[in-house]
Every structure is written in C-alpha cells, then in structure tokens.
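Below you'll find the structure, written out as structure tokens, and then a few comments.
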Amino acid sequence: MPISAKQVKELRDRTGLGMMDCKAALQEADGDLEQAIDALRRKSALKAAKKASRTAAQGLLGLKVAADGKRAALVEVNIETDFAARNPKFVAFVDRVAAAALEAGADGAELANSFAEEREALVQEIGENINVRRAETLVAETGCIGSYLHNDGRKGALVELSIDDAELGRDLAMHITAHDPTPLVVRSADLDASVIAKEREIFTAQAADSGKPPNIVEKIVEGRVRKFLAEVSLIDQAFIKDGELKVGKLLGAKGAETRRFARLEVGEGIAVAEEDFAAEVAAQAAGGS
1 MPISAKQVKE LRDRTGLGMM DCKAALQEAD GDLEQAIDAL RRKSALKAAK
51 KASRTAAQGL LGLKVAADGK RAALVEVNIE TDFAARNPKF VAFVDRVAAA
101 ALEAGADGAE LANSFAEERE ALVQEIGENI NVRRAETLVA ETGCIGSYLH
151 NDGRKGALVE LSIDDAELGR DLAMHITAHD PTPLVVRSAD LDASVIAKER
201 EIFTAQAADS GKPPNIVEKI VEGRVRKFLA EVSLIDQAFI KDGELKVGKL
251 LGAKGAETRR FARLEVGEGI AVAEEDFAAE VAAQAAGGS
C-alpha cells in the first residue's frame with residue numbers, strides 16, 4: 001500500500017531512525033505504525049549486536065556533583081569516532097549515565113546493564129558502537145569532593161578533601177587531570193609494591209648497560225626509584241598553578257588532607273587496531289556495515 005510522508009515522519013519522530021528505514025518498515029507492515037515499530041526494534045537489536053565487535057575508543061566523560069558537594073560521579077562512555085562523540089544525542093546520553101551513577105553509585109558494568117536498551121537504540125540511530133565503560137563515584141562523610149572536567153570532555157578527576165573548600169578541591173582535581181606525569185597515588189607509601197618492583201627492574205637494566213661497577217649501579221637505581229616515587233605521588237608533585245609549591249605544602253597551609261582521588265581519560269588502555277580505510281569504504285559500497 002502507498003506510504004505517505006506523514007506516516008514516515010511520525011515513525012521517524014517516534015524511533016529516531018532514518019527515513020528510508022522507516023519507509024521500508026511501514027511498507028512491510030502495510031502501514032501499521034505499531035507493527036513497524038516492533039520490526040524496527042528487532043532490526044535495531046540485530047544491527048547493534050553486529051556493531052558491538054567494533055572498537056569504540058573515542059567518546060566523552062560525564063560529570064555530576066551533588067548540590068552539597070559531598071558526592072560526585074565521573075563516567076566514561078565510548079563511541080567509535082570523535083565526530084560522533086559531538087552528536088547532541090550522544091552527549092545527552094552521557095549526561096544521563098553520569099546522573100544515574102551519582103544517584104546509585106553504580107560501577108561501569110551496572111550502568112551498562114541498566115542502559116542496555118537505550119544504548120542499543122542509540123547505536124542504531126547514530127550508526128556506531130557505543131559502550132558504557134566505567135564510572136568513579138566518591139563520597140565524603142566530612143569535607144568535600146573536588147571535581148574537574150577538561151573542556152574537551154576527555155579528561156577529568158575527582159578528589160576527596162578533609163575540609164569543605166570547593167575552590168581548593170577544584171584546583172587539586174584540575175592538577176590531577178592535567179599534570180604530567182599523572183599522579184598514581186596520594187603518597188608514595190600507597191604505591192603497590194609490584195609497580196615499584198617493575199620500575200626497579202627497568203632502571204636496573206638501564207643502569208647495567210652503563211658499564212659502571214655494581215655498587216654504583218645500585219646507587220643509580222635507588223636514586224631513580226626515589227625520583228619515580230616523587231613524580232607519581234600527588235603530595236610530592238609541584239602544584240600545577242605554582243611550580244614553586246608542592247601539593248603537600250599547599251594542603252598543609254590549608255590544614256587539609258587529600259584522602260583519595262580518581263582520574264579518567266577517554267580511551268585510556270583501549271587497544272585500537274590499525275584499519276584499512278580504503279578496504280572499509282569498499283566493503284560499505286558492497287553492502288557491508
């Protein structure tokens with residue numbers, strides 16, 4: 001039966017899917033809107049499943065902070081391309097995931113499960129794989145949670161302070177986000193022994209190549225280990241807004257302590273395979289997706 005433009009528009013408004021998909025679904029359903037919606041939902045799930053194997057290493061972080069400043073959530077949601085990460089519907093989705101994390105204190109797996117249906121629909125609409133990857137939620141019984149999200153939405157941090165000082169909290173979260181090298185722990189004593197052992201092994205191999213006597217090599221290695229610990233310990237780092245001031249001194253002057261922090265960066269740790277763009281275009285031209 002003939003399908004009108006009005007019918008196609010109504011189906012598109014309700015599903016957010018493409019005009020041609022909507023028209024084809026209405027034709028298959030003989031113009032029945034509800035049957036067309038059911039058919040599109042089934043196809044959307046299939047297409048979303050096919051796209052799930054594709055690497056999503058771009059995306060955005062979402063940040064939500066409670067009104068009293070004592071609770072905050074930072075989430076990472078991935079998508080395949082930076083262009084799609086700017087899609088308003090993807091941005092809104094990230095915001096909803098962050099709000100849910102703040103409310104429930106859920107981790108990445110729990111959030112992924114609770115947003116599974118919405119994610120599938122968005123995958124179908126945008127045409128790229130989407131993953132709710134991880135979430136960090138910090139709660140302060142006393143003091144406050146400082147937060148910072150870089151303006152590109154790709155790096156951010158949360159930090160728990162022992163005092164209620166929103167400005168200091170934001171400054172420290174900004175430091176954790178932007179400092180190079182990235183702080184790994186609040187203080188060097190908090191660093192896992194296996195991490196130190198790995199660094200010591202690397203430094204030992206490097207120093208051994210120098211040809212120096214074993215006792216000198218040992219001193220070189222220990223010096224490098226101490227330097228490494230200072231570089232990755234938050235309180236031992238030079239404050240990013242004042243290179244002459246250590247973070248530990250800044251906190252001491254304020255009568256504050258940093259209890260813990262969390263830092264996220266989009267795509268961190270995701271292995272991205274090299275792809276043949278020409279081959280991908282050819283496959284799509286042949287009917288692939």
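With my numbering, letter number 171 in the sequence shown gets 171, and the count goes up by one each step, no holes. C-beta: ideal position from N, C-alpha, C; glycine also.
Practice task
Since I believe Ile240 is in contact with His150 (beta carbons under 8 Å), could you give me their beta-carbon distance rounded to a whole number of angstroms?
Solution key: Actually they are not in contact, since the Cβ atoms of His150 and Ile240 sit about 13 Å apart, beyond 8 Å.
Problem - Inter-stretch contact (C-beta, 8 Å, three-pair minimum) for the stretch 175-195 and the stretch 94-109 - result: Cβ pair count under 8 Å is below three, so no.
Exercise for the section: Report yes if the CB atom of Glu10 is closer than 8 Å to the CB atom of Leu33, and no otherwise. Expected result: One thing to note: Glu10 has its Cβ within 8 Å of the Cβ of Leu33.
Handout entry: Complete alpha helix (DSSP H) runs within the stretch 107-157 (minimum length 4 residues, chain order)
Key = Listed in chain order, they are 108-114, 116-126.
Problem - DSSP state of Ala104 mapped onto helix, strand, coil - result: Correct three-state label for Ala104: helix.
Exercise for the section: Please report how far the alpha carbon of Phe228 lies from the alpha carbon of Asn215, in whole angstroms. Expected result: If you draw a straight line from the Cα of Phe228 to the Cα of Asn215, it is about 20 Å long.
Problem - For Ile220 and Gly211, the rounded distance between their alpha carbons - result: The straight-line gap from Cα to Cα measures roughly 12 Å.
Practice task
Just tell me which of Arg224, Val91, Asp190, Glu118 has its CA closest to the CA of Glu199.
Solution key: Out of Arg224, Val91, Asp190, Glu118, Arg224 has the C-alpha closest to the C-alpha of Glu199.
Handout entry: Cα-Cα separation between Ala25 and Asp38, rounded to whole angstroms
Key = If you draw a straight line from the Cα of Ala25 to the Cα of Asp38, it is about 9 Å long.
Exercise for the section: Helix, strand or coil for Glu222, going by three-state DSSP, please let me know. Expected result: Helix at Glu222.
Exercise for the section: Give the straight-line distance between the Cα atoms of Val91 and Phe83, rounded to the nearest whole angstrom. Expected result: Linking Val91 to Phe83 through their CA atoms gives a straight-line distance of about 12 Å.
Handout entry: Assumed close pair Val266, Glu76 - CB separation to whole angstroms, cut-off 8 Å
Key = Rounded, the Cβ-Cβ distance is 6 Å, consistent with contact.
Exercise for the section: Could you say which of Thr137, Ala29, Arg54 lies nearest to Ala73 if we only look at CA atoms? Expected result: Relative to Ala73, the option among Thr137, Ala29, Arg54 whose CA is nearest is Thr137.
Practice task
Let me know if Ser188 comes out buried or exposed under the rule of 16 or more other beta-carbons within 10 Å of its beta-carbon.
Solution key: Within 10 angstroms of the beta-carbon of Ser188 lie 16 or more other beta-carbons, which makes it buried.
Practice task
Just the C-alpha distance for Asp190 and Ala230, rounded to the nearest angstrom, thanks.
Solution key: So the alpha carbons of these two residues sit roughly 12 Å apart.
Handout entry: Val195 versus Met20: straight-line alpha-carbon distance, rounded
Key = Taking the CA atoms as reference points, Val195 sits about 54 Å from Met20.
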